[in-house]
């Protein structure tokens, strides 16, 4: 349940650089894992996409060495991801100006990398803590 009120005032401060955006998204990823652990009904495939992306970045080089067919298969999905973020960036820039294109691509990449890495690290810490 979300409470909305016109009397609520919010000040939003965008991050000044990609590093601070990554740190923010990393914290959000860790928080997403904690929320999911406590409330399983919040699970959605979309919330797992950043983690799957990060896993893909990690395992693709390994599989390209160990099993080229699997490596190329995973690489196909990573390429599809990059095509999607480039397409989404172009779509957004079509209305706001293409001077933002390179920034949007980097921002999307940073968002997903931070969310995925934070979620995966929190889940790994959870597993190690249980041993």
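In the working numbering, the protein residues as written are 23 to 153.
Quick reminder that beta carbons are idealized off the backbone N, C-alpha and C, glycines included.
Source: prediction; values computed, not measured.
In this model, residue 87 and residue 103 are separated by some 22 Å (Cα to Cα). By the Cβ test, the stretch 132-147 is in contact with the stretch 35-51, since at least three Cβ pairs between them sit closer than 8 Å.
Distance from the Cα of residue 52 is smallest, within the candidate group 36, 37, 72 and 117, for 72.
Less than 8 Å divides the Cβ of residue 127 from the Cβ of residue 107. Residue 144 counts as buried, since at least 16 other C-beta atoms from the protein chains shown sit within 10 angstroms of its C-beta. Where residue 128 is concerned, the enclosing alpha helix (DSSP H) starts and stops at 123-151.
Between the C-alpha atoms of residue 27 and residue 35 there is a straight-line separation of about 21 Å. Across the structure, residue 152 and residue 80 are spaced so that their CA atoms are roughly 24 Å apart. Taking the Cα of residue 69 as reference, the smallest distance to any Cα among 121, 138 and 77 is reached at 138. Apart from the 5 residues on each side of it in sequence, residue 64 sits with its Cβ closer than 7 Å to the Cβ of 57 and 58 in its chain, given in chain order. Cβ contact annotation for residue 100 (same chain, cutoff 8 Å, sequence separation greater than five): 75, 78, 79 and 82, in chain order.
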